[in-house]
Amino acid sequence: MRSKANSIIESIEISKIRQIALKMNKYSDGINLTIGEPSQDVPDLVKEEMANRVLHDKIGYTQTGGMPELKRAIVAFYNQYFGGDYKEENCLITVGSTEGLSTFIRSIVDEGDEVIMPTPTYPGYAPNIKLQKGIEVYLDTSKDDFKLTAKNLESAITPKTRAIILTYPNNPSGVCIDEDEMDKIADVIRRHDVFVLSDEIYASLAFEKYHSLAKYHDLIDKVVVINGFSKSHSMTGYRVGYMLASKYFIDNFIKVSQYTTTGIATISQYGGIKALEVYPTREEIVKENRERMEFFAKGLEKIGFRVIKPEGAFYLFADYRKLSNKKSIDFVNEVVENLHIGIVPGECFMVEGYVRFSVTKDIPELQKALDRMEKYFK
């Protein structure tokens, strides 16, 4: 009798980000800048709404695909703030945006299909592609300061290309694509028989106006948007995400979702409704994130890092090669073991010579990290 997991599962590695975060637990004085966990708490009104529902309602299953009230709130939000033209039928509620990612790939990608991912790219995409026996295609954007251009994208598309995965504001670099370039990228999508997953989980944390692919209404049959409440409303533990797409795709995505999760936690969905009702935009959070990132970037550059200028999210992606010629995983291990500061190697994002800092601590804690690094590297 066979007792092993299938060969694809065995070949997939546990996330290095999680491995480093766990390693940091053994240091009582550790400063963990690995996980993308917002420091701000869930808004009180959202907590109160969920608590009242627990105390006064009978909480049972909701319908597969999500509560209609939440779907209506999401499409109204996206139409108002990101230029969408969605209806309730264009929305599917998921267990975080990660289920949306998995659902998209399982529904779209067949064995041998190519999926283009501009680098640096979030490391959670590739394992899902491998599970479908798809082929990962990494598109180097370093010559353009890690910003995808339409010309670069078009050069990577082949007859085998099935899908493209975009994530802006980018994780790990925080860069965004300006409106003119996004218009050109939309034209590339129109010209080719490809589908696009636009991972917009950090859209509400962009410093300036965010240019979403949702505004290109004629691309609804090709572009699938995923987003959620984890980053914008600090609801990481509540696991509420969503997909926005054509009715045809939503009707098919719901089949995958139904046999994966059955449904989303009812309480969390009530929290999402309240979050969009009282805090649709997050200006105060964006302001705090930006101040922290500017402070920390200045300190890193003083030490010798070269920091990619972010335009959103809460990460800094920094070139450390003036300080060390080590591979990024070895550089990270040196910093973790000697300074007790948890950071993420660029190899996780398919870019060597860089590391990612999750700038989700208060400034005094960030200053401690800078002091340790300055003393060590100087």
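This note's numbering runs 389 ahead of the 1-based position in the sequence shown.
Note that CB positions come from ideal geometry on N, CA and C, so glycine has one too.
Spatial distance of residue i from residue j (CA atoms)
i: Y527; j: P432; result: 38 Å
i: L481; j: R710; result: 44 Å
i: N641; j: S601; result: 23 Å
i: Q452; j: Q647; result: 10 Å
i: Y514; j: K687; result: 31 Å
i: V464; j: H606; result: 13 Å
i: F746; j: L759; result: 12 Å
i: N560; j: M456; result: 29 Å
i: Y743; j: L444; result: 49 Å
i: L633; j: G472; result: 13 Å
i: P516; j: I401; result: 6 Å
i: S717; j: E736; result: 6 Å
i: I424; j: I406; result: 7 Å
i: E666; j: Y467; result: 13 Å
i: V740; j: M439; result: 41 Å
i: K604; j: A394; result: 43 Å
Under the three-state DSSP convention, the category residue i falls into
i: D572; result: helix
i: R695; result: strand
i: T483; result: strand
i: A654; result: coil
i: A707; result: strand
i: P734; result: strand
i: I615; result: strand
i: A674; result: The sequence as given places Ile at residue 674; Ala does not occur at that position. Three-state result, I674: helix.
i: M682; result: helix
i: V744; result: strand
i: S717; result: helix
i: F596; result: coil
i: S782; result: Shown here, the chain extends from 390 to 767; a query on residue 782 therefore has no answer.
i: D588; result: strand
i: G701; result: strand
Other residues of its chain near residue i: CB distance less than 6 Å, five sequence neighbours each side excluded
i: M413; result: G419, N421, G731
i: Y668; result: P432
i: T655; result: I448, T451
i: H729; result: Y416, D418, G419
i: K801; result: Past the boundaries of the shown model lies residue 801; the chain is included only from 390 to 767, so the question cannot be answered.
i: R695; result: D708
i: A539; result: K573, I574, V577
Distance cut-off 7 Å: residue i Cβ against heavy atoms of the ligand GDP
i: P561; result: In terms of ligand content, the structure shown is empty, and the ligand GDP therefore cannot be addressed.
Nonlocal neighbours in the same chain, by C-beta distance under 7 Å from residue i, ignoring five residues either side
i: S621; result: S593, L594, R671
i: V675; result: L594, F596
i: D430; result: S623
i: K684; result: This sequence places Phe at residue 684; Lys is not what is there. So the qualifying residues of the chain are I752, L755.
Nonlocal neighbours in the same chain, by C-beta distance under 8 Å from residue i, ignoring five residues either side
i: K789; result: There is simply no residue 789 to check, as the chain begins at 390 and stops at 767 in what is shown.
i: V721; result: I409, I732, V733, P734, V744
i: E478; result: K636, I639
i: N727; result: Y765
>> So within the stretch 496-570, which uninterrupted beta strand (DSSP E) runs reach at least 3 residues, ignoring any that extend past its ends?
In response: List check, beta strand (DSSP E) in window: 503-508, 524-529, 550-556.
> Pairing CB atoms from the stretch 432-449 with CB atoms from the stretch 583-593, are three or more of them under 8 Å?
Replying inline: No: the two stretches stay apart, fewer than three of their Cβ pairs being nearer than 8 Å.
> Do the stretch 655-669 and the stretch 488-502 make contact, defined as three or more Cβ pairs closer than 8 Å?
Replying inline: In this structure the stretch 655-669 does not touch the stretch 488-502; the number of beta carbon pairs closer than 8 Å is below three.
> Residue ranges of each beta strand (DSSP E) run of no fewer than 3 residues wholly in the stretch 428-483, ordered along the chain?
Replying inline: Fully enclosed beta strand (DSSP E) runs of 3 or longer: 480-483.
> Can you find at least 3 beta carbon pairs, one from the stretch 697-705 and one from the stretch 609-617, that sit closer than 8 Å?
Replying inline: Contact between the stretch 697-705 and the stretch 609-617 is absent, because fewer than three Cβ pairs lie under 8 Å.
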